Amino acid sequence: MVFIKNVNAASLLEAIENDPVISQPVESTIEKITPQNDSLFSKIMRFSIGQFSMADLLQIILSIIIVALLIKYFVGFLRKILSKTKIDIGLQGFLLSMVKGVIYVIGALVILEALGFPITELVAIIGVLGLAISLSIQDFMTNLMSGLTILASKPYVIGDFIEVSDGASGIVERIGLLYTEFKSIDEKVLYIPNGLMSSGKIINYSRSSTRKIDMMIGVAYDTDIDLAKEIINTILNNDERVLPEPEPMVRLRAFGQISLDILVRFSVASSDYFSVLFDFNEELLRQFRKNNITIPLITNRDIQIKNRKAEVSHDFRECNE
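Residue numbers (the working numbering): 10 to 330.
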């Protein structure tokens, strides 16, 4: 029996390779095992459905899983962050939709690439189509961008009482991406494109806690002006909704063609504006009638009489000539 001392692994492998009796069975065993393993893996990878290989299918499945996870977790995380900010709810929904759209587009491009489509050419085609579509829906895009601007800058919010440049007014019910919806005093629901809202003048009466009532009241020339002013001041002083500051103003403003014009100016809480205005008008009319104060009006009869007098005067001058 031969004992081998101080033999390391390298020298042992070299001895096996050089010995034909030992190396032949080892190589034969390796050859028998390796082809079997390679054959199984190759069969799996060569499996295909139509023209798509197993690698293509795995890439598609993986892309779908990643897109689903991004939408579920990333968008959910983003929603929680936005909910803690002061960004308008409508704008939050739009941003979340945009993020979802970007994720869907990226996922679709990855899947198309796995299917063998030329991504570079596809992106170029999408860009051209996007430009053509944007030109054809220019009004839509204008309203959309205006809606985003309104939601971001907040010139008005839901619940505000506003007046727009065309004279329409009401309480804002909804701010959409394309239209602003508000309800007028007579319960009409108005829809105005955001493009018009952002380009025109908007008066927001709700931004201030108070609102000023400014009116001109005409009385007949034979009216006792001090009595008329006293009646108006009494009505204002008896209404607790009229604010003491700034002090109400009741002054003779101008000498009109048919009346003495009295300027009346006072402030109320914004929420009391219409109720105070209507109550003031009704009480003023009652007190004026009670004190025989006339509010002159130009009627068709007045106009006809004046026109008739002008014609008679003109004819008389012609006769004298």
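Even glycine gets a Cβ: it sits at the ideal position worked out from N, Cα and C. Here the structure is a predicted model, which means the values were calculated and not measured.
Proximity test, Cβ basis, 9 Å: residue i and chain B
i, result
"Q147", "Although the question refers to chain B, the structure presented lacks it and comprises just one protein chain."
For residue i, the nearest candidate out of the options (CA to CA)
i, options, result
"A64", "F275, S279, E122", "E122"
"M224", "Y188, M258, L153, V132", "M258"
"L306", "K299, F287, G265", "G265"
"L87", "L78, V108, G125", "V108"
"P255", "I115, T158, S268, V277", "V277"
"S207", "L157, L124, A237", "L157"
"P202", "Y188, K93, E196", "Y188"
Reduced DSSP secondary structure (H/G/I, E/B, other) of residue i
i, result
"I69", "helix"
"S279", "helix"
"I302", "coil"
"F287", "helix"
"K197", "coil"
"P44", "Bear in mind that a pLDDT of 48 at P44, under 50, signals an unreliable position, so the number given afterwards is only what the model happens to contain. In the structure shown, P44 sits in a helix (DSSP, three-state: H, G or I)."
"I8", "Lying before the first or after the last residue shown, residue 8 is absent from the chain, which here runs from 10 to 330."
"F86", "helix"
"R295", "helix"
"Y214", "coil"
"E182", "strand"
"K148", "It is Asp, not Lys, that sits at residue 148 in the sequence shown. D148: helix per DSSP, three-state reduction."
C-alpha distance - residue i paired with residue j, whole-angstrom precision
i, j, result
"I76", "I135", "A small fix is needed here, since residue 76 is Val in this sequence, not Ile. Answer to the nearest angstrom: the Cα atoms are 21 Å apart."
"G139", "I146", "11 Å"
"L100", "I194", "28 Å"
"E190", "R216", "18 Å"
"S162", "S218", "20 Å"
"V331", "F83", "In this structure the chain extends from 10 to 330, so residue 331 is not present and cannot be described."
"Y165", "V111", "30 Å"
"E249", "I98", "38 Å"
"S148", "N300", "It is Asp, not Ser, that sits at residue 148 in the sequence shown. C-alpha separation (whole angstroms): 59 Å."
"F287", "I302", "20 Å"
"I234", "L294", "16 Å"
"K93", "G85", "13 Å"
"K89", "L71", "27 Å"
"S279", "G179", "13 Å"
"P127", "E182", "48 Å"
"T232", "E292", "18 Å"
Rounded Cβ spacing between residue i and residue j (contact assumed at less than 8 Å)
i, j, result
"I244", "F297", "At roughly 10 Å, the Cβ-Cβ gap does not stay under 8 Å, so I244 and F297 are not in contact."
"L261", "L252", "About 23 Å separates the two Cβ atoms, so there is no contact after all."
"T151", "G116", "Contact flag wrong, Cβ pair sits at about 30 Å."
Residue i and residue j closer than 9 Å at C-beta
i, j, result
"L153", "L105", "no"
"V228", "I171", "no"
"S174", "K210", "yes"
"V273", "I241", "yes"
"L160", "F103", "yes"
"D169", "Y214", "yes"
"I167", "I184", "yes"
"I226", "A237", "yes"
"E69", "L124", "In the sequence on display, residue 69 carries Ile and not Glu. Yes, the pair counts as a contact, with Cβ atoms nearer than the cut-off."
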